[in-house]
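Heads up: the sequence shown is residues 1 to 155, going by our numbering.
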Amino acid sequence: MTLNRKKKKMERPELIRQIKKYFTLEELACPHSVAYFGDRAWGFFRQDYLETLLFLRRHFNTPIYCNHDGLTQRGSRCNLCEIVATRKSPYVSAHVLWCAGDFTFLGYTAEEVRSEIKGISHLLPCPVRLEKGVSWVHLDTSAYCQTGKVTEFAV
Numbered sequence: 001m002t003l004n005r006k007k008k009k010m011e012r013p014e015l016i017r018q019i020k021k022y023f024t025l026e027e028l029a030c031p032h033s034v035a036y037f038g039d040r041a042w043g044f045f046r047q048d049y050l051e052t053l054l055f056l057r058r059h060f061n062t063p064i065y066c067n068h069d070g071l072t073q074r075g076s077r078c079n080l081c082e083i084v085a086t087r088k089s090p091y092v093s094a095h096v097l098w099c100a101g102d103f104t105f106l107g108y109t110a111e112e113v114r115s116e117i118k119g120i121s122h123l124l125p126c127p128v129r130l131e132k133g134v135s136w137v138h139l140d141t142s143a144y145c146q147t148g149k150v151t152e153f154a155v
């Protein structure tokens with residue numbers, strides 16, 4: 001008889017230690033949160049998001065950029081971020097839930113990355129959502145309107 005064993009999840013301190021090999025907090029979080037909370041802001045990121053980000057960074061084996069080149073609202077967003085603060089209706093994006101980022105993968109187009117993620121969906125540590133039709137890779141682990149291991153959506 002064979003048992004179907006789930007892979008043991010990485011403990012949070014080890015996960016954060018591993019993710020720091022590839023990303024700084026400033027790359028993944030808005031400047032307001034980094035300035036106010038400092039290194040404690042790592043505690044806001046959802047575990048499934050960090051696990052997925054680490055998996056994808058290792059899978060693609062190429063730099064992945066979130067907040068870079070003057071862009072500061074591609075990762076987590078707080079109530080002070082312009083994208084959030086200017087809203088007149090509720091804004092419950094995965095970005096404010098600390099489980100989303102808009103990424104650029106060095107050497108890949110956004111469509112190539114989305115295609116590869118769909119092709120390796122069975123290897124992903126958790127279900128993900130990908131925004132389609134954009135020139136960046138929006139990746140999140142929100143359960144909102146998820147329909148499978150990889151859900152594509154349009155805004």
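Beta carbons are placed, not taken as given, at the ideal position from N, Cα and C, and that holds for glycine.
- Distance from R74 to N67 at the Cβ level is roughly 5 Å; contact confirmed, criterion being Cβ atoms closer than 8 Å.
- Cβ atoms of I19 and L53 come within 8 Å of each other, at about 7 Å.
- By the criterion of a C-beta distance shorter than 7 Å, H32 is surrounded in its chain by C78, L80 and C81, once the five residues flanking it on both sides are discounted.
- Annotation for V155: no beta strand (DSSP E) segment contains it, and DSSP assigns it neither H nor E.
- Excluding five sequence positions before and after A85, the CB atoms of its chain that fall closer than 7 Å to its own CB belong to N79, given in chain order.
- Around the beta-carbon of P13, fewer than 16 other beta-carbon atoms lie within 10 Å, marking it exposed.
- The three-state reading of DSSP puts A143 in coil, since its state is none of H, G, I, E or B.
- A Cβ-Cβ distance of about 5 Å is found for the pair C99 and D140, placing them in contact under the 8 Å criterion.
- As summarised for the region 66-147, the continuous beta strand (DSSP E) elements at least 3 residues long and confined to that stretch are 100-105, 128-131 and 137-140, given in chain order.
- Cβ atoms of V137 and V113 come within 8 Å of each other, at about 5 Å.
- Rounded to the nearest whole angstrom, the C-alpha separation of S76 and G101 is 7 Å.
- For V34, DSSP assigns no beta-bridge partner whatsoever.
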